[in-house]
């Protein structure tokens, strides 16, 4: 559970969730530095590997004027996470929020802003901070109004997903139609050129009507295509989903093919180094050396 102030994102979705644990249990919040420190301590005691901090005014998510965490509480949460030896990762979808969390010393960004084009100042600030970025480009595409019906129609996807999730891919968020995906792609290109680590991620949640355009697994494959559209070569896109996140999250036993590491392997038809969409042509999967005889739900 991420840290958010009372009434802050994503509490506005709680009543709509189909998950009873989300719908009926109060979402813990932190609106003061003391509350933030207490929640970080609680999360770490529960076994959290990192701390997520939400700084969201709702402008992009279709719920404008949401309460936002103030800078004192934000900094207290980051300091508390670091005191425990944990990374602090921030949810921020606007340029202003991104600047705030970077100034507070977070270790990574769970989104990339899409409310305006990037500036050299913000690119330099992120690069100087050594924070990584998970841009969630497929999510941003949905937010500005594009669905992923074409992905759902791909036989390599349609044979592996339920109708519920295929229908979800055919919808879109459309909460910020004034957004511009070309600006978002340009931001990711600029970050990449500045040496910022870019990680592949999707932010898929539940298949609710308002959360369209995304599906677990399939959208991660499509995210690699988005990164290629942003200027990555296919090898770099693949690394964004394997060795780079393993390195940034300290998972040194995986993410690469090398002696002594976990044998988590994906065999595909084709050559993703030439055509990134070939990652969808799954022939076989191994997890910890064990061959998965059926991989319908392993995408």
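Numbering (the working numbering), first residue to last: -5 to 293.
All C-beta atoms in this analysis are idealised placements derived from N, C-alpha and C, irrespective of residue type, glycine included.
Does residue i pass the burial test, meaning 16 or more other C-beta atoms within 10 Å, or should it be called exposed?
i: residue 125; result: buried
i: residue 203; result: exposed
i: residue 292; result: At residue 292, the pLDDT of 47 sits below 50, so the modelled position is not reliable and the matter cannot be decided from this model.
i: residue 276; result: buried
i: residue 158; result: exposed
i: residue 86; result: buried
i: residue 193; result: buried
i: residue 216; result: buried
i: residue 270; result: buried
i: residue 14; result: exposed
i: residue 131; result: buried
Can you check which of these residues, the options, is closest to residue i by C-alpha distance?
i: residue 16; options: -4, 35, 31 and 30; result: -4
i: residue 81; options: 102, 97 and 18; result: 102
i: residue 90; options: 11, 42, 196 and 64; result: 64
i: residue 119; options: 92, 0, 238 and 77; result: 92
i: residue 200; options: 184, 161 and 168; result: 161
i: residue 286; options: 261, 268 and 147; result: 261
i: residue 179; options: 148, 98, 219 and 283; result: 219
i: residue 259; options: 266, 249 and 267; result: 249
i: residue 83; options: 57, 115, 136 and 49; result: 49
i: residue 165; options: 150, 177, 144 and 185; result: 144
i: residue 283; options: 270, 265, 263 and 252; result: 252
i: residue 257; options: 247, 264, 263 and 265; result: 247
i: residue 12; options: 67, 227, 229 and 205; result: 205
i: residue 149; options: 45, 211, 60 and 274; result: 274
i: residue 155; options: 255, 212 and 182; result: 212
i: residue 116; options: 263, 173, 278 and 188; result: 188
i: residue 112; options: 280, 173, 0 and 152; result: 173
i: residue 198; options: 227, 167, 185 and 175; result: 167
Opposite residue i in the DSSP bridges: which residues?
i: residue 82; result: 45
i: residue 126; result: 102
i: residue 284; result: 281
i: residue -3; result: 47
i: residue 276; result: 262
i: residue 117; result: DSSP output for residue 117 lists no bridge partner at all.
i: residue 270; result: Answer is none; residue 270 lacks a bridge partner.
i: residue 192; result: 127
If you follow the beta strand (DSSP E) that residue i is in, where does it begin and where does it stop?
i: residue 38; result: First-last for residue 38: 27 to 39, but that is the alpha helix (DSSP H), not the beta strand (DSSP E).
i: residue 259; result: 259 to 262
How far does the alpha helix (DSSP H) with residue i in it extend, from its first residue to its last?
i: residue 252; result: Element bounds for residue 252: n/a, residue is neither H nor E.
i: residue 175; result: 175 to 187
i: residue 238; result: 237 to 242
i: residue 76; result: 65 to 77
i: residue 91; result: 89 to 97
i: residue 161; result: 157 to 163
i: residue 15; result: 14 to 18
i: residue 152; result: 149 to 152
i: residue 141; result: From DSSP, residue 141 is part of no alpha helix (DSSP H); its letter is neither H nor E.
i: residue 221; result: 212 to 223
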